[in-house]
DNA sequence: ATATGTGCAAACTCTTTGCATGGAG
DNA sequence: CTCCATGCAAAGAGTTTGCACATAT
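Protein chains in written order, with the numbering used here: chain A, 551 to 672; chain B, 551 to 672.
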């Protein structure tokens, strides 16, 4: 069974407070605000655990480490700022995306990433 | 100035012969067919160099190492097979993709990745 | 002849794992 | 009191860099 440790609670809190997908490092520094002794290995272990559990979903955006976000969010995509390299959520999805696949290929999911400058870095 | 070494020629050949974007490792093993003494460090150095030159373009598909492809190709996207983890080119692009960005954000490029089973792994 | 390019090995970064200790139940 | 979870440090994977030697020009 799963224990409700301070570390795990701090990590979950980090995601609940975040508006964007977070890298392991971002999770570490945010969660250390509450739990300063937290180590990076624990972060990785919990990211894996919370993902297996279905609470987190991996967001594999190019360029950086893998990020994670709370799984129970509606379908959306991401914008990555080339300046500050933060990831932002983008609502919506272009229709008909799955139909681009070549004949004989089966699409089970897709990821769309926009690159550019975020409002703060513009 | 740039020297036309056997190694560099073997690396360029690997891309000219490939139909898909290649990871550094894939480049190494293909180019070693022609140049067996080729080392991975040389591959990395040349990938960087050919990219800076504009001959290659990085394709940062999630999940794996970064891949590269010849830059002078028409705009297209990619399909990644979850079984064999190869990347395939997908012609076409859904219209209006750039308009998904939030107000105040500037889009300079985008990447669309489809995931699933390729024809061979289906 | 000269300076760029290469191969090797060491350094680095990111992630995972082993092991003794700590804390939730 | 038990066992799962944590922290630390070491081990792995992928990538980059320093240095002496090779080679394209």
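C-beta atoms are modelled at their ideal positions from N, C-alpha and C, and glycine is treated no differently.
For the set B:630, B:670, B:658 and B:569, the Cα lying nearest the Cα of residue 666 of chain A is the one of B:658. For residue 664 of chain A, the pairing in a beta bridge is given by DSSP as A:629 and B:660.
Contact with chain B is absent for residue 577 of chain A, since none of that chain's Cβ atoms lies less than 7 angstroms from the residue's Cβ. Look at the beta carbons and you see the region 608-626 of chain B touching the region 596-614 of chain A: at least three pairs across the two are nearer than 8 angstroms. Put simply, of A:555, A:592, A:598 and A:669 the residue whose alpha carbon is nearest the alpha carbon of residue 634 of chain A is A:669. The CB of residue 660 of chain B comes closer than 8 angstroms to the CB of 662, 663, 664 and 665 in chain A, given here in chain order. In the three-state reduction of the DSSP assignment, residue 623 of chain B falls in the coil class.
Residue contact check for residue 650 of chain B against chain A: a CB pair falls below 7 angstroms. For residue 602 of chain B, the three-state secondary structure derived from DSSP is helix.
Rounded to the nearest whole angstrom, the C-alpha separation of residue 653 of chain A and residue 580 of chain B is 27 angstroms. The C-beta of residue 568 of chain A comes no closer than 7 angstroms to any C-beta of chain B. For residue 565 of chain B, the uninterrupted alpha helix (DSSP H) run begins and ends at 556-567, by DSSP. Sequence-distant partners of residue 585 of chain A (beyond 5 residues in either direction) whose C-beta falls short of 7 angstroms from its own C-beta, in its chain, are 556, 557 and 560.
For residue 641 of chain A, the enclosing beta strand (DSSP E) starts and ends at 637-641. Beyond the five residues adjoining it in sequence on each side, residue 617 of chain A comes within less than 7 angstroms, by CB distance, of 571, 572, 573, 609, 611 and 637 in the same chain, given in chain order.
A distance below 8 angstroms between beta-carbons, with the five flanking residues on each side excluded, links residue 591 of chain B to no residue of its chain. Shown here, residue 617 of chain A sits in a strand according to DSSP, grouped into three states. Of all alpha-carbon atoms in B:672, B:647, B:625 and B:624, the one lying nearest the alpha-carbon of residue 664 of chain A is that of B:647. Residue nearest to residue 625 of chain A within the set A:643, A:631 and A:632 is A:643 (criterion: CA-CA distance).
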